[in-house]
Every structure is written in C-alpha cells, then in structure tokens.
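One structure is given below, encoded as structure tokens.
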Amino acid sequence: ADGGGQGHSARARVFVDQLMDLKNNKQKHREKAAAEGAQGRLQKWMRQLVSVAGAVEPSPFNAGWDELLQADSTGRWWLVGSAWAGRASAGKRSSSDPKGDPKGKSAEARLLDLAHSQRMNTEVRRSIFVA
129 ADGGGQGHSA RARVFVDQLM DLKNNKQKHR EKAAAEGAQG RLQKWMRQLV SVAGAVEPSP
189 FNAGWDELLQ ADSTGRWWLV GSAWAGRASA GKRSSSDPKG DPKGKSAEAR LLDLAHSQRM
249 NTEVRRSIFV A
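Per this note's numbering, the very first residue in the sequence shown carries number 129; after that it's consecutive.
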C-alpha cells in the first residue's frame with residue numbers, strides 16, 4: 129500500500145500515513161506525547177507567573193472606616209472603573225468657600241451649564257472640565 133509516496137498528492141500521503149499509524153497503534157502515543165508537552169509548557173508558564181507575581185507585593189488597602197461607610201455617597205474608589213466624588217476634606221473645602229464672590233459662582237455655574245450642553249454627563253467629567 130505504501131509506494132514511497134510517489135505519484136500521490138499530499139492529501140493521499142497524509143491519509144495513508146494516518147491509516148498506517150492507526151494500524152500500528154501509533155496515534156495514541158503521539159497524542160500522549162503532545163499532551164505531556166503541553167502540560168510541561170503550562171507548568172513552566174505557571175511557575176514563571178508565580179515567580180513574577182511573588183516579586184511584587186500588593187499594596188495595602190488604604191480605605192478608612194468613614195470612606196467605607198460613605199461609599200454610597202462618595203463612591204467606591206478602591207474598585208477599578210468606579211466613580212469617586214473626592215475625599216471628605218475636598219467637600220468641606222468647597223462648602224467653606226466664601227459666598228462673597230457672586231461673579232465666581234456664576235462663572236462656575238456657566239461652566240457647569242456648558243459642560244452639560246457638551247454632554248459631559250458624569251460628575252468626574254464635569255469637575256475636570258470646570259477645573
């Protein structure tokens with residue numbers, strides 16, 4: 129059946145090789161060797177991942193008890209992608225600003241209106257625009 133591969137297309141040669149492997153029970157050995165190789169590569173990758181991750185220690189969680197209790201109003205800054213309204217001291221500073229400057233207040237109000245008209249719909253975008 130095996131004429132040395134002369135006069136056969138590549139598809140026919142592969143088909144004949146697979147038939148011979150099936151007849152000689154070689155396919156199971158190939159699959160086992162391939163699985164062991166993949167497992168070895170995966171184990172090596174895991175060791176590298178652990179060694180790299182172990183070199184850098186995670187930073188401590190620097191959230192105070194008040195920040196945890198007021199998470200609904202100020203935001204959860206410790207979560208990636210969540211909004212943050214600023215620290216409590218920043219809120220106190222803005223409320224303690226003198227109200228004797230009506231021109232500054234109207235300028236900020238105009239900037240907030242402009243930000244709203246530009247579709248800056250989050251508090252963070254508006255505050256960056258006003259600052």
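We put the beta carbon where it would ideally sit given N, CA and C, even for glycine. All of these numbers come straight from a predicted model, not from anything done at the bench.
Nonlocal neighbours in the same chain, by C-beta distance under 7 Å from residue i, ignoring five residues either side
| i | result |
| --- | --- |
| residue 197 | none |
| residue 140 | none |
| residue 234 | none |
Beta-carbon contacts of residue i that lie in its chain and below 6 Å, excluding the five residues immediately before and after
| i | result |
| --- | --- |
| residue 262 | Any property of residue 262 remains undetermined from this structure, which presents the chain solely from 129 to 259. |
| residue 246 | none |
Environment of residue i [buried if 16+ CB atoms lie within 10 Å]
| i | result |
| --- | --- |
| residue 226 | Bear in mind that a pLDDT of 49 at residue 226, under 50, signals an unreliable position, so the model cannot answer this. |
Test: residue i CB closer than 8 Å to a CB of chain D
| i | result |
| --- | --- |
| residue 255 | No chain D appears in the structure shown, which is made up of a single protein chain. |
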